[in-house]
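Presented below is the structure to which this report refers.
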Amino acid sequence: MSKPKINVYWFRKALRLHDNAPLLEASKSKHPLLPIFILDPLFLPDTRADYDDELASGALAGENQFQFLMECLQDLNENLKSMNSQLCVFLAQNPEEVFEQILKEFDVDSLYYEKDSEPYANERDAKIENLFKENSTKTVSAWGQTLTDLDEIKSHFKKTPKVYRSFMKVMGNHGDEIIVKPCEAVKSVPCLPKNLGNLQIFDGIPTMKEIGFPKKHEHTPFFGGETAALERMEKKLADKKWIAKFEKPKTSPATLEASTTVLSPYFALGCLSVRLFHFKVQKVYESQKSHAKPPMSLHGQLYFREWFYYLSYTIPNFHQMKGNPLCLQVDWDHNKEFIEKWHHGQTGFPWIDAIMRKLRQEGWIHHLARHSAACFLTRGQLWQNWEEGKKIFAMYLLDGDYALNSANWMWLSASAFFNSYYRVYGTESFPKKYDKSAKMVRKYCPELAKFPDKYIYCPWEAPKSVQKMAGCVIGEDYPDRIVDEKTAKQENMAKMKAAYKRKIRGNPNSVELKKRGEKRKEAPKVERKTKKKRFGKKKSKAD
DNA sequence: ACTACCGTTGTACAC
DNA sequence: CGTGTACAACGGTAG
């Protein structure tokens with residue numbers, strides 16, 4: 174009996190039907206199409222502690238992003254259903270297992286997927302490519318998470334573009350050729366294979382509970398999915414003047430309603446195409462008399478993203494200080510108490526605490542709020558390694574993204590790209606520029622809500638009588654400051670100066686590159702337990 | 001080798 | 001209120 178011939182589209186990111194070139198190609202084939210998504214345990218919450226390296230390399234989503242991801246899958250499934258297909262979700266120990274199942278059941282003509290630049294993905298995909306090669310099966314993949322083809326643009330750079338400007342030079346000179354035009358949306362797909370045989374497909378899209386998130390998760394203000402993404406994009410694009418005028422530094426980090434587009438969560442998981450947005454913004458620009466220019470404009474933001482993706486794809490150890498040739502080597506402290514207080518919004522600095530609490534609740538904070546919090550944790554006040562902050566951000570951000578999170582933390586800690594380390598964000602002066610009455614502090618640090626404007630960003634300076642009147646005594650109802658801002662700033666600046674004098678950047682050759690999976694072998698117990706708990710329920714094969 | 005210039009998004013204070 | 005300047009001063013790039 175010969176095996177049925179099919180194609181497989183593998184969704185990982187690119188959780189969309191629009192501007193998805195490999196999916197479009199698959200949709201034009203005459204063979205049945207199996208659209209799959211594989212949830213491997215590296216995505217799951219309770220493996221996080223054991224997989225620190227994988228978290229660093231981008232495999233894991235935090236709870237907020239995970240919920241968002243599930244909504245993307247639901248939306249995708251709905252859209253596929255309306256085309257008489259469906260998304261087939263696999264809960265499996267690793268993707269190889271799934272493809273072995275598929276190859277056993279079917280004669281796969283081609284495997285289609287969008288390329289992914291993260292180290293975790295590179296390794297995963299290399300294994301799968303290998304498996305298909307051994308099986309003499311064709312694979313079709315393309316870049317789509319970025320504006321350009323990251324392999325192709327390599328040839329345009331003689332050396333690493335270490336400043337935005339040199340990256341932009343290439344974009345400026347070759348933009349028309351290297352920025353890929355969006356392709357048409359998929360409107361129909363071939364039917365599913367008639368018989369799914371013994372494939373161990375999860376029934377529908379797993380809920381947070383089914384996957385093992387312990388308690389009910391408070392939803393962020395943002396809902397995942399391609400449908401929501403396109404809606405949001407169109408809504409923003411409708412205000413043409415706003416689009417044309419947009420300059421990032423002129424937007425406020427202190428408003429309750431987001432002052433920017435908040436499309437980043439959709440870009441991060443690929444339920445919105447950056448190419449489509451770039452193209453649509455271009456159309457708006459053309460319709461207006463004048464428009465903002467990079468680096469501040471919306472296009473400028475996309476080019477920053479592109480630059481960081483390119484760097485993260487080509488620079489070794491991009492996610493850490495050690496062995497990262499771009500990253501200044503700094504003798505950061507490791508003070509667990511500081512890190513935890515920063516993490517939980519308990520530093521005693523209302524502006525910082527409000528930012529961190531908002532981040533945890535809502536999964537999105539303004540770019541400059543991220544700057545403020547990141548500067549505070551690293552070179553500004555607490556002198557902690559940026560990697561710690563990056564990991565904590567990754568746990569809560571809806572737009573958590575390997576390339577962008579790493580790059581921005583290096584930027585803010587003045588470890589790379591940016592070196593004016595003497596420019597330190599104040600916890601009072603900075604937010605005051607945007608909002609003297611501190612709406613954000615009053616909302617996210619409600620214990621401080623009754624303080625008068627004069628003391629809202631510096632409640633410790635309020636006389637006891639004022640504190641009592643506000644119903645909030647500092648040190649009792651709200652924490653006292655964990656450092657003295659001025660002293661810490663001065664000390665840290667001096668340390669930063671010394672680090673710059675040493676001029677040491679990471680040496681990739683001096684770092685023993687940990688092989689992925691090593692840790693897994695060291696801790697097989699945890700993994701097996703996880704597998705049973707999670708996956709034993711619906712499936713029978715393992716048991 | 002040297003110099004001049006530039007860099008998306010700071011603060012504090014003088015006027 | 002805005003505008004200008006000192007603060008203390010970096011690395012990358014182009015010439």
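Going by the numbering used here, the first sequence opens with residue 174, and the numbers climb by one from there.
Glycine included, each C-beta is placed from N, C-alpha and C at the ideal position.
For residue 208, the pairing in a beta bridge is given by DSSP as 182. For residue 312, the enclosing beta strand (DSSP E) stretches over residues 311-315. By the 16-neighbour rule on beta-carbons within 10 angstroms, residue 537 is buried.
With three or more CB-CB distances shorter than 8 Å, the segment 389-406 counts as touching the segment 244-252. Between the alpha carbons of residue 499 and residue 356 lies a distance of about 35 Å. For residue 506, the pairing in a beta bridge is given by DSSP as 557. Within a 10 Å sphere around the beta-carbon of residue 338 sit fewer than 16 other beta-carbons, which makes this residue exposed. Bounds of the alpha helix (DSSP H) holding residue 617 are 612-617. Shown here for residue 394: same chain residues with a beta carbon closer than 6 Å to its own, the five before and five after excluded, namely 535 in chain order. In the three-state DSSP reduction, residue 330 falls in the coil class, being neither helix nor strand. Approximately 4 Å separates the beta-carbon atoms of residue 427 and residue 607; this is inside 8 Å, confirming the contact.
Following the DSSP letters along the chain, one finds residue 485 inside the alpha helix (DSSP H) bounded by residues 471-487. DSSP places residue 548 in no beta strand (DSSP E) but in the uninterrupted alpha helix (DSSP H) bounded by 540-548.
Here residue 391 carries a coil assignment [DSSP, helix/strand/coil].
When the alpha-carbon of residue 406 is set against those of 374, 448, 381, the nearest one is in 448.
For residue 342, the closest of 416, 194, 329 by C-alpha to C-alpha distance is 329. Between residue 430 and residue 363, the alpha-carbon positions lie close to 42 Å from each other.
According to DSSP, residue 283 shares a beta bridge with 180, 311. Between the alpha carbons of residue 581 and residue 621 lies a gap of roughly 30 Å. Note on residue 318: 16 or more other CB atoms within 10 angstroms of its CB, so buried under the neighbour-count rule. Of all alpha-carbon atoms in 186, 658, 438, 635, the one lying nearest the alpha-carbon of residue 648 is that of 635.
In this structure, the CA atom of residue 461 is about 13 Å from the CA atom of residue 453. With respect to the 7 Å criterion, residue 281 and residue 181 are classified as neighbours on the basis of their beta carbons.
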